[in-house]
Amino acid sequence: MSKAQTLVFHSFKGGTGKTTLVANISAILASRGFKVCLFDFDLYAPSMVSYFKKTPDRYVHELLAGTAEVSDVFVDMTNEIDVSGELFVGFSSPRKSDIQSIEGRQNSSWQLNALRRFIAVKEQLLKKDGFDYILIDTSPGIRYWSISALALADMLLVLMKTNDMDILGTKKMIEEIYDTITRSGSEKKLILNKVPGASPFVAWSGESALIDMQKDVEDTIGLPVLTSIPCYCDVQFNRHEYLSSIKLPDHPFAKRINNVVDLLLAS
173 MSKAQTLVFH SFKGGTGKTT LVANISAILA SRGFKVCLFD FDLYAPSMVS
223 YFKKTPDRYV HELLAGTAEV SDVFVDMTNE IDVSGELFVG FSSPRKSDIQ
273 SIEGRQNSSW QLNALRRFIA VKEQLLKKDG FDYILIDTSP GIRYWSISAL
323 ALADMLLVLM KTNDMDILGT KKMIEEIYDT ITRSGSEKKL ILNKVPGASP
373 FVAWSGESAL IDMQKDVEDT IGLPVLTSIP CYCDVQFNRH EYLSSIKLPD
423 HPFAKRINNV VDLLLAS
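This is the structure in structure tokens:
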């Protein structure tokens with residue numbers, strides 16, 4: 173993967189474990205010496221403030237409105253997670269009034285100007301501020317800011333579980349939306365998450381069955397599977413899960429997240 177890249181994470185529906193995965197991937201990239209920023213672009217139901225337990229002074233919706241600079245919005249998480257690189261997070265506001273202010277602004281001129289501001293921020297971060305990677309966690313489904321974020325992607329990573337609802341819904345979303353709005357040259361890959369069958373205590377042992385399942389999903393949806401992550405339920409369903417890939421480096425979940433990063437860096 174080239175030095176400066178924007179990775180956008182999306183899903184057809186909620187409950188795929190997207191936010192947990194994005195936060196852990198960001199932390200592992202920072203642990204490897206990269207300068208990383210993570211944006212919570214789930215403007216409609218933000219969860220990063222709860223995940224990181226932060227109450228920032230300024231939020232992403234203010235950045236989009238032009239009332240805050242990116243330096244005002246960023247929270248430096250580097251020292252808290254003790255990594256050799258750097259990790260900054262831009263949070264979306266969980267306040268009802270702020271969510272309503274975004275949903276109420278359906279004026280196409282305002283939306284276009286807000287998107288232009290964020291494109292300028294992206295260019296500033298990569299070209300002037302020396303960031304290696306921008307990761308964007310979008311809201312699931314087809315919402316204006318999810319679709320807008322997809323257009324910014326160098327690589328679009330679609331999170332999904334392996335039930336029929338996710339598979340068929342993701343297939344339809346890709347056919348109807350992705351091909352028309354992702355820019356030329358951007359890669360699109362699937363990550364299968366919470367795959368049944370893992371034990372909290374041992375590494376996944378069903379690689380052969382996993383490969384067969386990935387091939388079936390690829391044939392059905394028409395996109396390559398980057399990797400699959402078994403459901404380590406002691407981590408992924410833990411209400412207090414926090415950067416387990418950093419805090420529990422010997423856990424099989426941490427090894428899987430490191431493998432995801434290896435694959436991204438090799439892409």
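Using our numbering, you'd call the opening residue of the sequence shown number 173 and step up by one each time.
The C-beta atom is built at its ideal place from N, Cα and C for all residues, glycine as well.
Quick caveat, the model's predicted, so the values are computed rather than measured.
*Put I306 into one of helix, strand or coil per three-state DSSP.*
Start at 1 with the first residue of the sequence shown, and residue 306 comes out as number 134. Looking at I306 - three-state DSSP - the assignment turns out to be strand.
_If the criterion is Cβ atoms closer than 7 Å, does the pair F211 and G262 meet it?_
The residue you call residue 211 lines up with position 39 of the sequence shown. The residue you call residue 262 lines up with position 90 of the sequence shown. Yes. Within cutoff.
*Terminal residues of the continuous alpha helix (DSSP H) containing L362?*
Looking up residue 362 in the sequence shown gives position 190. No alpha helix (DSSP H) contains L362, which is instead part of the beta strand (DSSP E) from 359-367.
_Proximal residues to D388 (C-beta, below 6 Å), its chain only, five neighbours per side dropped_ = Taking the first residue of the sequence shown as 1, we reach residue 388 at position 216. The beta carbon of D388 is closer than 6 Å to none in its chain, skipping five residues each way along the sequence.
*Any contact of the segment 316-329 with the segment 298-305, i.e. 3+ C-beta pairs under 8 Å?*
no
*Residue span of the beta strand (DSSP E) that contains H182, given as start and end*: In the sequence shown, residue 182 corresponds to position 10, counting from 1. It spans 177-183 - the beta strand (DSSP E) in which H182 sits, taken as one unbroken run.
*Cβ of P312 within 7 Å of Cβ of P266?*
For the purposes of this step, residue 312 is taken as residue 140 along the sequence shown, with counting starting at 1. For the purposes of this step, residue 266 is taken as residue 94 along the sequence shown, with counting starting at 1. No, they are not a contact pair.
_Proximity of L331 and S439 at Cβ, strictly below 7 Å_ = As a first step, residue 331 must be located in the sequence shown, where it is residue number 159. As a first step, residue 439 must be located in the sequence shown, where it is residue number 267. Cβ distance not < 7 Å, so L331 and S439 don't count as in contact.
*From G257 to S273, what distance separates their C-alpha atoms?*
By one-based count along the sequence shown, residue 257 stands at place 85. By one-based count along the sequence shown, residue 273 stands at place 101. Looking at the two C-alpha atoms, the distance is approximately 35 Å.
*Residue(s) in a DSSP beta bridge with P402*: On the sequence shown, residue 402 is found 230 positions in, with the first residue counted as 1. Paired residues: V367.
*3 or more residues per run - each beta strand (DSSP E) lying fully within the segment 216-291*: 246-248, 258-262
*Go to F213, then tell me how far its beta strand (DSSP E) extends in each direction, as first and last residue.*
In the sequence shown, the residue the question calls residue 213 occupies position 41. Under the DSSP assignment, F213 falls in the beta strand (DSSP E) whose first and last residues are 207-213.
*Got a sec, what are the start and stop residues for the beta strand (DSSP E) L331 sits in?*
If you number the sequence shown from 1, residue 331 lands on position 159. Start and end: 327-332.
*asked:* Output needed for G341: all residues of its chain with C-beta closer than 8 Å, excluding positions within five of it in sequence on either side, in chain order.
replied: The residue you call residue 341 lines up with position 169 of the sequence shown. Taken in chain order, the residues that qualify are F184, K185.
*Residues sharing a beta bridge with V397, DSSP*: Within the sequence shown, numbered from 1, the residue matching residue 397 stands at position 225. Its beta-bridge partners are L362.
_Where A323 falls: helix, strand or coil (DSSP)_ = Residue 323 sits at position 151 when you count from the first residue of the sequence shown. In the structure shown, A323 sits in coil (DSSP, three-state: anything other than H, G, I, E or B).
*Buried or exposed: which applies to P421, given that a residue is buried once 16 or more other Cβ atoms fall within 10 Å of its Cβ?*
The sequence position of residue 421 within the sequence shown is 249, counting from 1. Exposed, by the Cβ-count rule.
*At which residues does the alpha helix (DSSP H) containing G341 begin and terminate?*
Start at 1 with the first residue of the sequence shown, and residue 341 comes out as number 169. Boundaries of the alpha helix (DSSP H) around G341: 336-345.
*Label N196 either buried or exposed according to how many other C-beta atoms from any shown protein chain fall within 10 Å of its C-beta, with 16 as the threshold for buried.*
As a position in the sequence shown, residue 196 is number 24, starting the count at 1. By the neighbour-count rule (16 or more Cβ atoms within 10 Å), N196 is buried.
_Residue span of the alpha helix (DSSP H) that contains S416, given as start and end_ = Start at 1 with the first residue of the sequence shown, and residue 416 comes out as number 244. First-last of the alpha helix (DSSP H) with S416: 416-419.
_Inter-residue CB distance, T334 and V367 (contact presumed, cutoff 8 Å)_ = The residue you call residue 334 lines up with position 162 of the sequence shown. The residue you call residue 367 lines up with position 195 of the sequence shown. Contact between T334 and V367 holds, with the beta-carbon distance rounding to 6 Å and staying under 8 Å.
*Residue range of the alpha helix (DSSP H) that D434 falls in?*
Taking the sequence shown and counting its residues from 1, one reaches residue 434 at position 262. Start and end: 424-438.
*Taking one C-beta from the segment 238-256 and one from the segment 189-206 each time, how about it: are there three or more such pairs within less than 8 Å?*
In short, these stretches touch, since the Cβ pair count reaches three.
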